[in-house]
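In what follows, a structure is listed as structure tokens, so that the remarks can point back to it.
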Amino acid sequence: MTDTVRDALPADARRHQTWLGAGVVVLALGLAWGATSISSDAGYAGVGPNFLPWVVSGLLGLCGVWLVWEARTGGFRDMDETDGADRGDWPGFAWVTAGILLNALLITKIGFILSCALCFVLAVRGFKASEGRLDLRPRAWITDSLIGIAISAPVYWMFTKALAISLPGLTATGWL
928 MTDTVRDALP ADARRHQTWL GAGVVVLALG LAWGATSISS DAGYAGVGPN
978 FLPWVVSGLL GLCGVWLVWE ARTGGFRDMD ETDGADRGDW PGFAWVTAGI
1028 LLNALLITKI GFILSCALCF VLAVRGFKAS EGRLDLRPRA WITDSLIGIA
1078 ISAPVYWMFT KALAISLPGL TATGWL
């Protein structure tokens, strides 16, 4: 390896990229550790419920090792110039985070459809806020709520009616 390739990026950037790759490896190890607590009893297809978590953690680990190798041998190559903001948008992040956390908190209380619709509405607020187009008028809330319901309701019905997978509902009828 030549010095030209190693010096493709400043040492500081390569160090940050190495930490990113190492973080991915640590995440893969955490997933693998979690997979050890899942039963390995084989199902009708010959694989147990822990098969997919092992596959995901293994592939994620390979990606992490690859990222570390790329970072240490000259940095991530052929990266496009960033066209986003120099800093993260914290208000937008807060909207999206609130949506995810409220979805997790409320899904068993108000059902899949309404909690996912709420998550959608708050995520839209976050993405629009990050673009400087935050719209808090009642019409925007209603429109996004209807779109969220239009997306989450068919997903709920597909899982509960077609695939017979139990998801939390608002009523005992299985339709809400």
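With the numbering used here applied, the sequence shown covers 928 to 1103. All C-beta atoms, glycine included, are put in the ideal place defined by N, C-alpha and C.
Check: Look at the Cβ atom of W1022, then the Cβ atom of G1053, and state whether they are nearer than 7 Å.; Outcome: yes
Check: Suppose you measure from the CA of A1089 to the CA of F1039; what does that come to, to the nearest Å?; Outcome: 16 Å
Check: In whole angstroms, give me the CA-to-CA distance for C1043 and L936.; Outcome: 42 Å
Check: For R941, I'd like the list of residues in its chain whose CB is within less than 6 Å of its CB, leaving aside the five on either flank, ordered along the chain.; Outcome: A998, G1002
Check: Hey, quick one: how far does the alpha helix (DSSP H) through G1096 stretch, first residue to last?; Outcome: No alpha helix (DSSP H) contains G1096, which DSSP labels as neither H nor E.
Check: With contact counted as at least three CB pairs below 8 Å, one residue from each stretch, are the segment 983 to 996 and the segment 949 to 956 in contact?; Outcome: yes
Check: Would you say N977 and A959 are within 7 Å of each other, going by their C-beta atoms?; Outcome: no
Check: Given that a residue counts as buried once 16 or more other Cβ atoms are within 10 Å of its Cβ, and exposed if not, what is A1056?; Outcome: buried
Check: Work out the CA separation of N1030 and W1068 for me, nearest whole Å.; Outcome: 17 Å
Check: Which of helix, strand or coil does DSSP assign to I1069?; Outcome: helix
Check: With distances taken Cα to Cα, identify the nearest neighbour of I1074 among L947, C1046, I1034.; Outcome: C1046
Check: Give the straight-line distance between the Cα atoms of L979 and K1036, rounded to the nearest whole angstrom.; Outcome: 30 Å
Check: Among A1077, D1010, A1091, S967, which one has its Cα closest to the Cα of E1058?; Outcome: D1010
Check: So which of T1000, F1020, W981, G1015 has the shortest CA-CA distance to L956?; Outcome: W981
Check: Would you identify the three-state DSSP class for T1009, choosing helix, strand or coil?; Outcome: coil
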